[in-house]
Structure formats: structure tokens, C-alpha cells
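There are 2 protein chains.
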Amino acid sequence: MLAQKSVIRETFMFGRQRAAQIGYENVFDYSLGNPSVPRPPQVTAAMLRLLAEQEPVELHGYCPSQGDPVFRAAVAKSLAARFQLPYTIDHIFPTTGAAGALSHALRAVTKPGDEVLTFAPYFPEYGPYVAGTGAVLRVVPAEPEAFQPDLETFAAMLNENTAAVLINTPNNPSGVVYSTPTLRRLADILREKSAAYGRPIYLVSDEPYREIVFDGVDAPYPAALYEHTLTCYSFSKSLSLPGERIGYVAVRPGCEGEDVLVDMMAQISRFTGHNCPPSIIQRACAECLEVTSELSVYQTNMKLLYAKLTELGFTVQKPGGTFYIFPKALEADAKAFCLKAREYDLLLVPGDSFGAPGYVRLAYCIDTEKVRRSLPAFEKLAAAYAR
Amino acid sequence: MLAQKSVIRETFMFGRQRAAQIGYENVFDYSLGNPSVPRPPQVTAAMLRLLAEQEPVELHGYCPSQGDPVFRAAVAKSLAARFQLPYTIDHIFPTTGAAGALSHALRAVTKPGDEVLTFAPYFPEYGPYVAGTGAVLRVVPAEPEAFQPDLETFAAMLNENTAAVLINTPNNPSGVVYSTPTLRRLADILREKSAAYGRPIYLVSDEPYREIVFDGVDAPYPAALYEHTLTCYSFSKSLSLPGERIGYVAVRPGCEGEDVLVDMMAQISRFTGHNCPPSIIQRACAECLEVTSELSVYQTNMKLLYAKLTELGFTVQKPGGTFYIFPKALEADAKAFCLKAREYDLLLVPGDSFGAPGYVRLAYCIDTEKVRRSLPAFEKLAAAYAR
Numbered sequence: 032m033l034a035q036k037s038v039i040r041e042t043f044m045f046g047r048q049r050a051a052q053i054g055y056e057n058v059f060d061y062s063l064g065n066p067s068v069p070r071p072p073q074v075t076a077a078m079l080r081l082l083a084e085q086e087p088v089e090l091h092g093y094c095p096s097q098g099d100p101v102f103r104a105a106v107a108k109s110l111a112a113r114f115q116l117p118y119t120i121d122h123i124f125p126t127t128g129a130a131g132a133l134s135h136a137l138r139a140v141t142k143p144g145d146e147v148l149t150f151a152p153y154f155p156e157y158g159p160y161v162a163g164t165g166a167v168l169r170v171v172p173a174e175p176e177a178f179q180p181d182l183e184t185f186a187a188m189l190n191e192n193t194a195a196v197l198i199n200t201p202n203n204p205s206g207v208v209y210s211t212p213t214l215r216r217l218a219d220i221l222r223e224k225s226a227a228y229g230r231p232i233y234l235v236s237d238e239p240y241r242e243i244v245f246d247g248v249d250a251p252y253p254a255a256l257y258e259h260t261l262t263c264y265s266f267s268k269s270l271s272l273p274g275e276r277i278g279y280v281a282v283r284p285g286c287e288g289e290d291v292l293v294d295m296m297a298q299i300s301r302f303t304g305h306n307c308p309p310s311i312i313q314r315a316c317a318e319c320l321e322v323t324s325e326l327s328v329y330q331t332n333m334k335l336l337y338a339k340l341t342e343l344g345f346t347v348q349k350p351g352g353t354f355y356i357f358p359k360a361l362e363a364d365a366k367a368f369c370l371k372a373r374e375y376d377l378l379l380v381p382g383d384s385f386g387a388p389g390y391v392r393l394a395y396c397i398d399t400e401k402v403r404r405s406l407p408a409f410e411k412l413a414a415a416y417a418r
Numbered sequence: 032m033l034a035q036k037s038v039i040r041e042t043f044m045f046g047r048q049r050a051a052q053i054g055y056e057n058v059f060d061y062s063l064g065n066p067s068v069p070r071p072p073q074v075t076a077a078m079l080r081l082l083a084e085q086e087p088v089e090l091h092g093y094c095p096s097q098g099d100p101v102f103r104a105a106v107a108k109s110l111a112a113r114f115q116l117p118y119t120i121d122h123i124f125p126t127t128g129a130a131g132a133l134s135h136a137l138r139a140v141t142k143p144g145d146e147v148l149t150f151a152p153y154f155p156e157y158g159p160y161v162a163g164t165g166a167v168l169r170v171v172p173a174e175p176e177a178f179q180p181d182l183e184t185f186a187a188m189l190n191e192n193t194a195a196v197l198i199n200t201p202n203n204p205s206g207v208v209y210s211t212p213t214l215r216r217l218a219d220i221l222r223e224k225s226a227a228y229g230r231p232i233y234l235v236s237d238e239p240y241r242e243i244v245f246d247g248v249d250a251p252y253p254a255a256l257y258e259h260t261l262t263c264y265s266f267s268k269s270l271s272l273p274g275e276r277i278g279y280v281a282v283r284p285g286c287e288g289e290d291v292l293v294d295m296m297a298q299i300s301r302f303t304g305h306n307c308p309p310s311i312i313q314r315a316c317a318e319c320l321e322v323t324s325e326l327s328v329y330q331t332n333m334k335l336l337y338a339k340l341t342e343l344g345f346t347v348q349k350p351g352g353t354f355y356i357f358p359k360a361l362e363a364d365a366k367a368f369c370l371k372a373r374e375y376d377l378l379l380v381p382g383d384s385f386g387a388p389g390y391v392r393l394a395y396c397i398d399t400e401k402v403r404r405s406l407p408a409f410e411k412l413a414a415a416y417a418r
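Just so you know, the protein sequences line up as chains A and B, in that order. For the first sequence, the numbering used here assigns the number 32 to the initial residue and increments by one for each residue that follows. For the second sequence, the numbering used here assigns the number 32 to the initial residue and increments by one for each residue that follows.
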């Protein structure tokens with residue numbers, strides 16, 4: 032297990048060491064998806080108010096197993112208004128970020144030996160999340176360059192053992208937003224196969240980047256298109272709070288088992304020592320559901336990088352959201368390419384662990400000024416391959 | 032799984048409903064171990080300072096997999112000074128409370144099929160924590176009335192499959208502090224059997240009540256007496272922050288595998304979606320390691336209850352710490368006794384799920400004034416059995 036450390040984390044740690052040598056400002060670290068903009072002022076205000084005014088024993092007390100009722104009710108109300116679906120408090124299970132959400136959702140809808148399908152490219156931590164349940168992750172190969180799900184191959188891979196399908200849109204690492212026609216077709220296939228197997232195949236929809244969608248892009252809400260959906264959300268990106276570990280699972284009204292799934296996740300929690308996200312953060316986020324950090328910087332950064340990469344001849348899909356871009360490496364071996372990039376202090380992550388060898392991920396959640404200063408390094412890197 | 036809900040939580044929920052009927056002040060709820068005193072002012076000050084002065088992107092960023100270095104270093108320094116053991120940052124793994132600590136420690140030192148031994152009476156959540164790892168919990172029967180571990184039976188139950196021993200002192204639910212001679216003898220047995228089996232048997236020591244020890248009681252630190260110890264701590268009780276989910280595992284210097292256990296726990300975390308406790312709470316607690324909430328109320332409450340219970344003829348061991356007391360019920364069936372107690376709006380928890388049928392737990396982390404007002408209800412309850 033120790034040999035399987037996250038390549039993203041390792042690149043990040045390398046960057047820290049390099050920064051100690053040449054200065055933080057000279058390392059162009061595109062490795063880690065850590066938001067670069069501060070929490071919104073509303074979060075600060077909510078925290079200060081809770082600390083000043085809320086009775087501390089009540090504020091910091093144990094949550095019920097299903098989570099803080101104030102947070103759950105607020106999330107349900109917000110989702111219901113936004114997506115026109117009758118979410119209630121009983122559909123919402125607060126979790127320690129998307130990691131906690133995915134782990135609980137997957138454990139709730141699978142049993143050991145079941146199969147979970149996902150589409151490459153995909154977030155590598157899906158491997159551990161699924162393995163932790165005892166289920167088996169099967170990956171539908173990526174379809175460059177658009178990186179929309181390959182639904183023909185997907186339909187052929189579905190079988191009697193498929194318990195759930197795990198999707199992520201807007202997508203890490205490609206930045207691609209799955210289109211409405213794609214998701215409608217996905218839903219149709221799931222309904223058809225669910226009917227054939229006599230039980231629902233669940234859709235587990237990982238949506239930490241829901242709020243980071245660029246101008247003119249239509250980002251559909253998967254649960255609106257398929258009833259048996261567990262939506263996994265995190266406030267890590269929208270409120271710039273990744274370290275505070277706060278998110279939720281929203282069980283779609285009408286989902287098979289909607290009356291027991293939240294209770295099941297509360298019970299699952301006892302077996303992993305999860306026991307709810309922090310109470311003060313739940314309370315603060317409950318007051319900030321309709322705000323976000325100043326996210327426009329990510330679009331600015333995307334445009335700079337997309338323009339430069341295309342200018343330099345990279346094969347690259349224009350992101351519709353997130354803070355990632357996923358160009359093709361300039362040699363077949365993306366790992367070798369990333370090592371070469373390090374010579375110019377560009378820290379990129381090879382696509383191999385995302386199920387897309389030959390591509391590299393850039394996380395452009397860094398200062399725009401630093402993105403600008405990194406552009407000559409990309410020029411030098413491309414020139415090294417042009418020689 | 033849904034049928035195995037915690038009896039503690041169910042009693043607590045009953046209390047909430049009853050409070051809605053007759054008023055919160057009239058329900059004598061001794062069910063839940065939720066601290067009744069506020070967080071210390073130092074925690075508030077630390078939180079306010081972090082929100083005002085700390086760069087937010089850094090403050091709320093993702094922690095390294097092993098946890099926040101500031102918190103880890105501070106905990107190591109504090110433990111080293113207090114217990115004269117050479118803890119370093121590399122021995123400390125921050126967790127979401129004791130639940131997270133125990134889950135990670137047990138997963139790190141067991142494999143599926145292994146046995147974990149504990150001593151009745153014990154915290155019922157040990158069942159799920161151990162079952163979650165795939166190991167099997169075996170319980171050394173309780174020895175009333177002292178409720179010290181029965182080491183003869185324990186030694187006979189140890190076998191080639193025993194991977195770990197799980198203890199909790201000061202003890203929930205008995206309030207008993209395991210004595211130094213008891214722990215020395217326990218350590219001797221473990222050393223002897225470890226030598227016989229050619230591998231160490233780990234001691235997992237659950238210590239959320241370490242700071243709540245009453246006048247004149249000697250509370251030894253188990254890791255000081257046995258080298259292969261993983262100490263599991265929570266700030267839930269000492270700083271009155273149960274909902275904020277903050278604790279740690281401290282791997283004892285000299286423990287077998289001390290160089291890999293924290294890394295192993297960091298990797299285990301990926302498979303359960305744990306991914307570190309909240310970062311702002313880690314930072315705040317790092318500044319408050321040498322303070323506690325005003326804990327003296329628990330001793331005041333204990334003395335009131337112990338005096339009344341003994342006066343009424345209950346068989347009961349005087350607690351050495353915690354905020355629990357564990358008298359013998361006035362009939363053989365503790366569940367029936369607890370239902371009878373509800374007629375007087377006394378909410379007690381039967382000892383059955385703690386592995387000690389016939390006894391009942393009182394969690395006296397409530398206002399002293401309410402403890403006083405509850406004493407006549409105990410008189411009426413005892414009188415009902417005297418008739």
C-alpha cells in the first residue's frame with residue numbers, strides 16, 4: 032500500500048523542496064488542485080458570528096449521526112430551488128468533503144465483488160474509494176480529444192455485476208463538461224439496463240467543480256436527468272475550504288432506496304470512524320450556500336494557458352470548467368515529459384494515473400501573474416522537443 | 032446494519048422528543064457523553080486570530096496526507112515533555128476525533144481475520160471500529176465491582192491470532208482508572224506472549240478522558256509502560272469540541288513499525304475518505320495543548336451522584352475519572368430498569384451494549400443544578416423497587 036502513494040502528492044512535495052532551493056515564486060507548480068483564491072467574506076462573517084453569538088456547547092456538540100439538521104435543511108432548500116427537484120432534509124448526508132461523500136455513497140450502493148464503472152480520464156483516488164468498499168473499479172477508456180464519455184463501449188461493459196456508475200463533470204483532469212445529450216443518452220442506457228437486470232444501477236455524480244463553469248458553457252445537473260443519482264458535492268473549491276473537509280451526498284428524490292440511503296450512510300460512518308464533518312464548518316457553510324469565492328481567476332488562467340498551448344502546437348481540448356487543462360504530451364511517455372518539464376521548473380502531472388497515458392494535467396489554481404511568468408517556460412519546453 | 036443503531040443515540044433522541052413535551056429542564060438526560068462546559072477562551076482566541084491574521088488560502092488548504100505539520104509537531108512536543116518519551120512529528124497522525132484515531136490505528140495493526148481483545152465494560156462503538164477492519168472483537172468479561180481488567184482470563188484468551196489489545200482508561204462507561212500495577216502486569220503479559228509468538232501484540236489505548244481524573248487518583252499513561260502502544264486521543268472532552276472532530280494517534284517511540292505506521296495510516300485514510308481533520312481546528316488546537324475546559328464540574332457532579340446512589344443502596348464503584356458512573360441496576364434486566372427510570376424522566380443507558388448486563392451508565396456531563404434536581408427522581412426510582 033505504501034508503494035501506491037499519490038503521484039499528485041509526490042509532485043507537490045517535490046515542488047516544496049524545489050521552492051526551498053530556488054524560491055517559491057520561481058517554481059511553476061501546476062500539480063495540486065488547491066484553490067488559489069481566499070474564502071468569501073461571508074464565510075469569515077459566519078464563523079465570527081458563530082464564535083461570538085452561538086452557545087458553545089450547542090455549537091460544538093456531537094452532531095446526530097445523520098449530520099447537523101441546520102446544514103441538511105439549508106442544503107436541501109438550496110438544491111430544491113436551484114434544480115427544481117423536491118429535495119428535503121432527509122435526502123442530505125453531510126460528509127468530510129467529496130472524499131467522504133464518494134466513500135459513503137459507494138459503500139451504500141455496492142457490496143463486495145460488485146463492479147463500479149467510470150470513464151477515463153478520472154480522478155485517481157476513485158481507485159482507493161472503490162477498493163475500500165470491496166467493489167471493483169472498471170474504467171471505460173478515454174476518447175481523445177473531446178474526452179466525452181464513450182457510451183458505446185460503456186453500454187457493452189455494463190453487466191449483471193454493475194452496481195454503480197461514477198462520473199465527474201466538470202471533469203478532473205480534462206476540464207471537460209459532459210454535455211446534456213451525452214448525459215441524456217447515459218441516463219437512457221442506465222434505465223434500459225436497470226430494467227433488464229430488474230434493479231437500478233446507481234449513478235454516483237462527483238461534482239466539486241459544479242460552480243466553476245466558463246462563459247457560455249451549458250453544465251447540466253446529472254441528477255435532473257437520471258432518478259437513481261447520488262450527488263457528491265464538496266465546498267473545497269466553491270468556498271476555497273479544502274482543508275476544512277466539508278461536503279455532502281444528496282440522494283435524488285425518487286431514487287430507489289431514498290428512504291434508507293441516508294440512514295445507511297450514517298451507519299457506514301460508524302465502521303470507518305467518519306462521524307460527520309466539523310460542526311462549526313457545517314453551520315458556517317449553511318449560511319453561504321448561495322455564494323462562492325471569486326472564481327473568475329480560473330477562467331482568466333485557462334484562457335492564457337489554452338492560447339499559449341495551442342500556439343505552441345499542443346493538442347489540447349478547451350476546458351469548459353474546473354481549474355484543469357489536459358494537453359497531450361510532446362512525447363509518448365507522459366512521465367518522461369513531466370520529468371523534462373521539471374528542468375524548466377514546470378510541475379505537471381502525467382495522465383497515466385488518470386487513465387489517460389500520453390496526456391498531462393495542469394492545475395491552474397495559481398496566481399495569474401505566475402501563469403504569465405510560466406509561459407516562457409512552456410516555450411522552452413516545446414522548443415526542446417522541436418530541436 | 033440499520034437494526035444495530037446505537038442505543039445511546041436512540042436514548043438521546045427519545046430525550047429530545049420528551050423535552051419537546053415537558054420542557055428541556057425537566058428531562059434528566061444522562062444518556063450522551065456530550066461535554067456540558069464551554070470551550071476554553073484560548074480556543075476562541077486562537078480561532079479568531081487564525082481568521083483575522085492567517086493567510087486564508089494557506090490556512091484552509093489541503094493538509095499533507097499525514098496531517099498538518101504545525102499540529103503534529105506541537106502534539107509531539109507536548110507529549111514528549113509530559114510523558115518523558117521522545118515523540119517527534121513523525122509519530123503523530125491527526126484524526127477526526129477518537130473515532131478516526133481508533134479506526135486508523137486498528138486498521139494499521141490488524142488484517143482481516145485477526146483478533147482484537149478488549150475488556151468489558153467497553154464503549155460499544157468498538158464493535159463497528161473493529162468490524163470495519165475485518166478483524167474480530169473478543170471481549171474479556173467484566174469483573175464487578177472494581178471493573179479493573181481481569182488479567183487471568185485475558186492471558187488465557189490471548190492466542191496466535193491476537194493482533195491487538197484495545198483498552199480505555201479512564202474508562203467509559205465505568206469511570207474506573209486502570210491502576211499502575213494492573214497496566215504493568217498487562218504489559219508483562221503482552222511482552223511474554225509477543226516473545227512467544229515472535230511478533231509484537233499492539234496495545235491500542237483509547238484516552239479521550241485523560242484530562243478528566245479526580246482528586247488523588249493516579250492515572251498512568253499506558254504507552255509509558257508498554258512500548259508497542261498506539262495512543263488514541265480526542266480533544267472532544269478536554270476542549271469541549273466533540274462536533275469539531277479532532278484527535279490523533281501517537282505511535283510510541285520504540286514501537287515496532289514506528290517508521291511506517293503513520294504513513295500506513297495516511298494511506299488507509301485514502302480508502303475510507305477520511306483525509307485529515309479540519310485544518311483550522313488542527314491549527315487552533317495546536318495552540319491549546321496545555322489548556323482544558325473548566326473540567327471540575329464533572330467531579331462535583333460525580334460526588335453528588337455517588338453519594339446519593341450509595342445512600343439509596345445502589346451497588347456502585349466510585350469513579351476515578353471521566354464523566355460516567357456505572358451502578359448496578361435494581362433488577363436483573365438493566366433494559367427494563369432503564370424503561371422504569373424513564374417514568375421519572377431519568378434517561379440512563381443499559382450496560383448490555385457495554386458488555387456488562389445488569390448495570391447502567393449515567394453520563395453526568397450536565398449542569399450541576401440539574402444533577403441536584405434529578406436526585407429526588409433517583410429516590411422515587413429506588414422507592415419503586417423497595418415496595
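The beta-carbon is built from N, C-alpha and C at its ideal position, and this holds for glycine as well.
For L393(A), the nearest candidate out of L261(A), I232(A), Y337(A) and D364(A) (CA to CA): On the first sequence, residue 393(A) is found 362 positions in, with the first residue counted as 1. The residue with the shortest Cα to Cα distance from L393(A) is Y337(A).
query: What residues of chain B sit near I311(A), judged by a beta carbon separation below 7 Å?
result: By 1-based counting over the first sequence, the position of residue 311(A) is 280. Those are E275, listed as they occur along chain B.
field: Rounded straight-line distance, which links the Cα of L272(B) to that of T141(B)
entry: In the second sequence, the residue the question calls residue 141(B) occupies position 110. In the second sequence, the residue the question calls residue 272(B) occupies position 241. Cα-Cα distance, rounded: 29 Å.
message: For M333(A), which residues in the same chain have their Cβ closer than 6 Å to its Cβ, ignoring the five residues on either side in sequence?
response: The count along the first sequence starts at 1 and reaches residue 333(A) at position 302. Excluding residues within five positions, the ones whose Cβ falls inside 6 Å are P350.
task: Report, in whole angstroms, the separation of the C-beta atoms of N57(B) and D376(B), which I expect to be a contact under 8 Å.
output: Numbered from 1 along the second sequence, position 26 holds the residue referred to as residue 57(B). Numbered from 1 along the second sequence, position 345 holds the residue referred to as residue 376(B). Yes, N57(B) and D376(B) are in contact; Cβ-Cβ is about 6 Å, under 8 Å.
Backbone secondary structure at C369(A) - three-state DSSP: Walking along the first sequence from the start, residue 369(A) turns up at place 338. C369(A): helix per DSSP, three-state reduction.
message: Which of the three DSSP states is assigned to I232(A) in this structure?
response: For the purposes of this step, residue 232(A) is identified with residue 201 of the first sequence, where counting begins at 1. Residue state, collapsed to three classes: coil.
query: Hey, how far is the Cα of T353(B) from the Cα of I243(B)?
result: Numbered from its first residue, the second sequence carries residue 353(B) at position 322. Numbered from its first residue, the second sequence carries residue 243(B) at position 212. Cα to Cα, the separation comes out at about 5 Å.
- request: Could you work out which residues of chain B lie near L272(A), taking near to mean beta carbons separated by less than 7 Å?
  value: Position 241 of the first sequence, counting from 1, holds the residue named residue 272(A). Neighbours of L272(A) on chain B, chain order: H91.
task: Identify the contact partners of F302(A) in chain B, using a Cβ-Cβ distance below 7 Å as the criterion.
output: Counting from 1 along the first sequence, the entry for residue 302(A) is found at position 271. Those within 7 Å of F302(A) in chain B are P159, A162 and G163.
message: Let's see if you can read the secondary structure: which residues bound the beta strand (DSSP E) around P253(B)?
response: Looking up residue 253(B) in the second sequence gives position 222. No beta strand (DSSP E) holds P253(B); the alpha helix (DSSP H) holding it covers P253 to L256.
- request: Mind listing the chain B neighbours of S62(A)? Cutoff is C-beta to C-beta under 8 Å, in chain order.
  value: Here residue 62(A) refers to the residue found at position 31 when the first sequence is read from its first residue. Here the premise fails: no neighbours, minimum Cβ distance about 11 Å.
field: D246(A) and Q330(A) closer than 9 Å at C-beta
entry: Here the question's residue 246(A) lines up with position 215 in the first sequence. Here the question's residue 330(A) lines up with position 299 in the first sequence. In contact: D246(A) and Q330(A) (Cβ atoms closer than 9 Å).
- prompt: Buried or exposed: T193(B), going by 16 or more other Cβ atoms within 10 Å of its Cβ?
  reply: Indexing the second sequence from 1 puts residue 193(B) at position 162. So T193(B) ends up on the buried side.
query: Under the rule that 16 or more other beta-carbon atoms within 10 Å means buried, what is P212(A), buried or exposed?
result: Indexing the first sequence from 1 puts residue 212(A) at position 181. Exposed, by the Cβ-count rule.
- prompt: Which residues, taken in chain order from the stretch 113 to 133 of chain A, show a beta carbon closer than 9 Å to some beta carbon of chain B?
  reply: T126, T127, G128, A129, A130, G131, A132 and L133
message: If you follow the beta strand (DSSP E) that N199(A) is in, where does it begin and where does it stop?
response: To locate residue 199(A), count along the first sequence from 1; it is residue 168. Run containing N199(A): T193 to N199, per the beta strand (DSSP E) assignment.
message: With H, G and I counted as helix, E and B as strand and the rest as coil, what does DSSP make of D364(B)?
response: By one-based count along the second sequence, residue 364(B) stands at place 333. Here D364(B) sits in coil by DSSP.
- prompt: In chain B, what lies closer than 7 Å to L82(A) by C-beta?
  reply: As a first step, residue 82(A) must be located in the first sequence, where it is residue number 51. The contacting residues are T75, M78 and L79.
- prompt: Between the stretch 161 to 177 of chain B and the stretch 306 to 313 of chain B, do at least 3 Cβ pairs fall closer than 8 Å?
  reply: no
- prompt: Which two residues bound the contiguous alpha helix (DSSP H) that contains S269(A)?
  reply: Residue mapping note: residue 269(A) aligns to position 238 of the first sequence, counting from 1. Segment: none, S269(A) is in no alpha helix (DSSP H) and carries neither H nor E.
- prompt: To the nearest angstrom, how far is it from the Cα of G92(B) to the Cα of E275(A)?
  reply: Here residue 92(B) corresponds to residue number 61 of the second sequence, with the count starting at 1. Here residue 275(A) corresponds to residue number 244 of the first sequence, with the count starting at 1. So the alpha carbons of these two residues sit roughly 8 Å apart.
- request: Throw me the rounded Cβ distance for the L256(A) and V282(A) pair, which I believe falls under 8 Å.
  value: Along the first sequence, read from residue 1 onward, the residue named residue 256(A) stands at position 225. Along the first sequence, read from residue 1 onward, the residue named residue 282(A) stands at position 251. With a Cβ gap of about 16 Å, L256(A) and V282(A) do not count as contacting.
- request: Hey, could you find the ends of the beta strand (DSSP E) L148(B) is sitting in?
  value: In the second sequence, counting from the first residue as 1, residue 148(B) sits at position 117. That run of the beta strand (DSSP E) goes E146 to F150.
Neighbouring residues, chain B, relative to E156(A) (Cβ below 8 Å): Numbered from its first residue, the first sequence carries residue 156(A) at position 125. The answer, in chain order, is R301.
- request: In angstroms with no decimal places, state the Cα-to-Cα distance between A83(B) and L189(A).
  value: Looking up residue 83(B) in the second sequence gives position 52. Looking up residue 189(A) in the first sequence gives position 158. Each residue's alpha carbon lies about 52 Å from the other.
message: For V293(A) and Q97(A), which I take to be in contact (beta-carbon distance under 8 Å), what is that distance rounded to the nearest angstrom?
response: Counting from one through the first sequence, the residue named residue 293(A) turns up at place 262. Counting from one through the first sequence, the residue named residue 97(A) turns up at place 66. Right, their Cβ atoms sit about 6 Å apart.
Outcome for Q52(A) when other beta-carbon atoms lying within 10 angstroms are tallied against a minimum of 16: Position 21 of the first sequence, counted from the start, is the residue given in the question as residue 52(A). Answer is exposed; the Cβ neighbour count stays below 16.
- prompt: Since A151(B) and A173(B) are thought to touch, with beta carbons under 8 Å apart, how far apart are those beta carbons, to the nearest angstrom?
  reply: Taking the second sequence and counting its residues from 1, the one referred to as residue 151(B) is at position 120. Taking the second sequence and counting its residues from 1, the one referred to as residue 173(B) is at position 142. About 4 Å separates the two Cβ atoms, so the contact holds.
- request: At 9 Å on the CB atoms, spell out the chain A contacts of V88(B), in chain order.
  value: As a first step, residue 88(B) is located in the second sequence; it is residue number 57 there, counting from the start. Under the 9 Å cutoff, chain A gives N65, P66, S67, V68, P69, R70 and S271.
query: Taking the alpha-carbon positions, what's the V101(B) to I120(B) distance?
result: Residue 101(B) sits at position 70 when you count from the first residue of the second sequence. Residue 120(B) sits at position 89 when you count from the first residue of the second sequence. Distance between the alpha carbons of V101(B) and I120(B) is about 9 Å.
Delimiting residues of the beta strand (DSSP E) encompassing V171(B): Working through the second sequence from its first residue, we reach residue 171(B) at position 140. Residues V167 to V171.
message: By the 7 Å beta-carbon criterion, what residues does the stretch 365 to 397 of chain A contribute toward chain B?
response: none
message: Distance cutoff 9 Å, beta carbons only. Does H259(A) sit that close to anything in chain B?
response: To locate residue 259(A), count along the first sequence from 1; it is residue 228. Judged by the 9 Å Cβ criterion, H259(A) is not in contact with chain B.
- request: Please name the residue, chosen from I232(B), S267(B) and K268(B), that lies closest to H259(B) on a Cα-to-Cα basis.
  value: As a first step, residue 259(B) must be located in the second sequence, where it is residue number 228. Ranking the options by Cα distance to H259(B), first place goes to I232(B).
- prompt: Within 10 angstroms of its Cβ, does D237(B) collect 16 or more other Cβ (buried), or is it exposed?
  reply: Taking the first residue of the second sequence as position 1, residue 237(B) is located at position 206. With 16 or more other Cβ atoms within 10 Å, it is buried.
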